[in-house]
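S.K.: Okay, so the sequence shown: first residue is 4 according to my numbering, each after it adds one.
Where is the CB? At the ideal position from N, CA and C, for every residue including glycine.
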Amino acid sequence: MFIEIVPNRTSPPAVLLRESWREGGKVKKRTLANLSKLPMPVVQGLRVLLKGGVAFAEAGEALEIRRSLPHGHVSAVLGVLRQIGLERLLAGGKLDADEARLKDLALAMIVARVIAPGSKLSTLRALSLETASSSLGLVLGLAGEGVAAIKPREIYAALDWLGERQDRLEKRLAKKHLSDGTLVLYDVSSSYLEGRCCELAQFGYSRDRRGDRLQIVYGLLCDRHGCPLAIEAFSGESGDPATLSAQIDKLKKRFGLNRVVLVGDRGMITSARISEDLEPAGLDWITALRAAQIRALVEGDGADAGPLQLDLFDDQTDLAEITAAAYPGQRLVVCRNAALARQRARRRQDLLAATERALSPIARATRRQRRPLRGKAEIGLKVGKLIDKHKMAKHFEITITDDRFSYRRRQQAIEAEARLDGLYVIRSNLPKEAMSAEQLVASYKSLARVERAFRSLKSVDLQIRPLHHWLEPRVRAHLFLCMLAYHVEWHMRQRLAPILYAEHDKAAAQAGRSSIVQPMEPSPATKRKRSRHSTDQGAPISSLRDLLRHLATLTLNTVSTPINPDYSFTLTATPTDLQNRAFALLGVKPICVQ
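1. Please decide whether Arg360 counts as near chain B, where near means a Cβ-Cβ distance under 8 angstroms.
2. Taking the alpha-carbon of Leu557 as reference, which of Leu35, Ala576 and Ala514 has the nearest alpha-carbon?
3. Are Val150 and Val114 closer than 8 angstroms when you measure CB to CB?
4. CB Asp268 to CB Ala291, shorter than 8 angstroms?
5. Taking the runs of the beta strand (DSSP E) that are 3 residues or longer, which of them lie wholly in the stretch 169-231?
6. Which partner residues of Ile325 appear in the DSSP bridge assignment?
7. What would DSSP say about Asn432, mapped onto helix, strand or coil?
8. Check whether the Cβ atoms of Val386 and Ile365 lie closer than 8 angstroms to each other.
9. Return the CA-CA distance between Val117 and Thr564, expressed in angstroms with no decimal places.
10. Under 8 angstroms Cβ to Cβ from Asp353, same chain only, skipping five residues before and after it: list those, please.
11. I'd like the ranges of any beta strand (DSSP E) spanning at least 3 consecutive residues and lying wholly in the stretch 381-461.
12. Apart from the five residues on each side of it in sequence, which residues of its chain come closer than 7 angstroms, Cβ to Cβ, to Phe258?
13. Based on the DSSP secondary-structure assignment, which residues constitute the bridge partners of Ala17?
14. Taking Cβ positions, are Ala129 and Ala119 nearer each other than 8 angstroms?
15. Return the chain-ordered list of same chain residues with a C-beta closer than 6 angstroms to the C-beta of Gly140, the five sequence neighbours on each side being excluded.
16. For Arg610, I'd like the list of residues in its chain whose CB is within less than 7 angstroms of its CB, leaving aside the five on either flank, ordered along the chain.
17. Run through DSSP, which three-state label would Arg69 get?
18. Going by beta-carbon coordinates alone, are Ile289 and Ser71 separated by less than 8 angstroms?
19. For Leu423 versus Ile297, is the C-beta distance shorter than 8 angstroms?
20. Note down the Cα distance separating Glu235 from Tyr221, rounded to an integer number of angstroms.
21. Return the CA-CA distance between Gln415 and Ala328, expressed in angstroms with no decimal places.
22. I need the straight-line Cα distance from Met523 to Arg350, nearest angstrom please.
23. For Trp438, is the classification buried or exposed, using 16 other Cβ atoms within 10 angstroms of its Cβ as the cut-off for buried?
24. Determine whether the beta carbon atoms of Glu7 and Arg21 lie at a separation below 8 angstroms.
25. When burial is assigned at 16 or more other CB atoms within 10 Å of the CB, is Glu302 buried or exposed?
26. Look at the alpha carbon of Arg50 and the alpha carbon of Gly28, and state the distance between them as a whole number of angstroms.
27. On the DSSP letters alone, give me the boundaries of the alpha helix (DSSP H) that Ala480 sits inside.
28. For Leu389, which of Arg360, Leu460, Asn340 and Val9 has the nearest alpha-carbon?
29. Using a Cβ-Cβ cutoff of less than 6 angstroms, which residues in the same chain neighbour Arg339 once the five nearest sequence positions on both sides are dropped?
30. Is Arg374 helix, strand or coil when you go by DSSP?
31. Inspect the beta-carbon positions of Pro476 and Gly166 and report whether they are closer than 8 angstroms.
32. I'd like the ranges of any alpha helix (DSSP H) spanning at least 4 consecutive residues and lying wholly in the stretch 28-60.
33. Is it true that the stretch 586-594 meets the stretch 492-505, where meeting means three or more beta-carbon pairs spaced less than 8 angstroms apart?
34. Have a look at Arg216 and Asn583 and give me their C-alpha separation to the nearest angstrom.
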């Protein structure tokens, strides 16, 4: 028997239940029932039954979803990682079975650091089949039927395996992104550690404002666009300049670069490092002068004014190149940022007022009638706790006696400091033929991209902390793991910029800039999408972290049927329009798992 639908001109088609047989070499058929009045879903159900199918009372009985795992964010991150060649670089050639498993575990830790940063044991639970929080273990073949369960020691063995390959991987990344004469960005940060047994842990200047905790220092090398290429750990008491010689050695010997332009901040590339490290190595450099050095350029030697004349600047001029006897053979590009000057002046006044508010109760306490504050030492202790809370002690003159305390502003010192508001001086040994003054300023400002990398490494994106490792090689391997994760994230941010809050039309933003000294305003397209929270096409925009959460809703489902419950297959959910857009921008497709 079968169902046949017969067209009926302008009337609804006839739905007939028929049977057929062969007689005398001819096929004959007859109608058993007219089903035209039945709803079409019922008719389709009857068709399935006649073909040998099974009918279910409810739709949920047809298929059973045994498990559903977040999958889209895994596909996105792992797809980009493979597309930029990081998996190939990590393997470095043919691997045996044990090394291949360690390589897959290292890949899993890199991807997990992007999608859900956590401890190594947390990553282990996320990969294991019973406690999986994503499809990462299934995609990499680290979980599933017939696959050996991951043991905690394997996670740490994979971390050690990754650390042993740091030199080779960094060299390959440098070969891919750097060439002779290119710009290299370098900056330093620090992170405190948990515990007190790490071999690198020392007390030092804490950028996390945790001077009470042992810490490590690490330096990050990036290309001119801010893509991270190498990271190195130092003991916690290391100052910024002390880390520079190791980077020079890395660039010259390990990376084989004869000519590069190293860009570092004013605390990194000092006069001592220039004469002792950079000049002997034959490297070019770009840095800036400290505030005291700028003040010396303005004030001169006392008899005459210095080479930096403040009347060089007006409403139309915010950049000037000068020479100074104190810096022979070097270029000095002086910039005055009016917006920064106003900001610093406003902040100084706020801090001066805050300091006065803190000191005034002490002055009143010495003049009150009942139980006045007395004693030079007692008054001095209270003043000492507050006078430099906002770093404004240099701008106050205080008088303390046994029964009085008074203070007043040093107006001349305040005005002298205010004259330098918004001024900064770029310092370099590059000739004018190699780089113009505007290009020097732009190159130094590129250091903001390294600072962006540190924010991503230390904040909610990758969470380099907490650091629980005790062994020095493990600490170095952990930092390298986080750097590789940011390397992948950096590439994702560049590609996904049109649907993120980030600037996606840098050419238009640069064209609208009146001066390289002034902050770059967002392009018109970026302003529109930020104000509307959507693109010009109406697609919603978000942060990278929120977009990854949305991609995670694209699930990988393990499905079975009641007819044969022992058989199961995987089925990926249908992507949303935004998910399709994200995958198109990344140039990858959702990974299929059988």
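M.R.: Answer, in terms of the structure:
1. The structure shown contains no chain B; it holds only a single protein chain.
2. Nearest of Leu35, Ala576 and Ala514 to Leu557, Cα basis: Ala576.
3. Contact annotation: Val150 and Val114 have beta-carbon atoms that are not nearer than 8 angstroms.
4. Less than 8 angstroms divides the Cβ of Asp268 from the Cβ of Ala291.
5. The stretch 169-231 contains these whole beta strand (DSSP E) runs: 185-195 and 218-226.
6. Within the DSSP secondary-structure output, Ile325 pairs in a beta bridge with Leu335.
7. Of the three classes helix, strand and coil, the one that applies to Asn432 here is coil, per DSSP.
8. Taking a C-beta distance under 8 angstroms as the contact criterion, Val386 and Ile365 qualify as a contact pair.
9. Each residue's Cα considered, the two are about 35 angstroms apart.
10. Counting only Cβ-Cβ distances below 8 angstroms, and skipping sequence neighbours, we find nothing.
11. If only complete runs of 3 or more residues are kept, the stretch 381-461 shows the beta strand (DSSP E) at 399-403, 408-412 and 426-431, in order along the chain.
12. These residues qualify, in order along the chain: Lys174, Ala177 and Leu181.
13. In the DSSP output, where bridge partners are listed per residue, Ala17 has Val9.
14. Yes.
15. Only Leu130 and Ala146 meet the Cβ criterion.
16. Examination of residue 610 is not possible in this model, given that the chain is present from 4 through 597 alone.
17. DSSP, read as helix, strand or coil, puts Arg69 in strand.
18. At the C-beta level, Ile289 and Ser71 stay beyond 8 angstroms of one another.
19. Going by C-beta atoms, Leu423 is nearer than 8 angstroms to Ile297.
20. Each residue's alpha carbon lies about 5 angstroms from the other.
21. Looking at the backbone, the Cα of Gln415 and that of Ala328 are separated by about 28 angstroms.
22. Going from the Cα of Met523 to the Cα of Arg350 covers about 22 angstroms.
23. The amino acid occupying residue 438 in the given sequence is Met; Trp does not appear at that position. In this structure Met438 is buried. Its beta-carbon is surrounded by 16 or more other beta-carbon atoms within 10 angstroms.
24. Less than 8 angstroms separates the beta-carbon of Glu7 from that of Arg21.
25. Answer is exposed; the Cβ neighbour count stays below 16.
26. Each residue's Cα considered, the two are about 27 angstroms apart.
27. Residues Glu475 to Leu499.
28. Measuring from the Cα of Leu389, the nearest candidate turns out to be Arg360.
29. Leaving aside the five residues that flank Arg339 on each side, the residues in its chain whose CB is nearer than 6 angstroms to its CB run, in chain order, Phe316, Asp321, Gly425 and Leu426.
30. Arg374 falls in the coil class under three-state DSSP.
31. Cβ distance < 8 angstroms, so Pro476 and Gly166 count as in contact.
32. Listed in chain order, they are 43-53.
33. Proximity of the stretch 586-594 to the stretch 492-505 meets the contact definition, three or more beta-carbon pairs being nearer than 8 angstroms.
34. Arg216 and Asn583 have their C-alpha atoms some 46 angstroms from each other.
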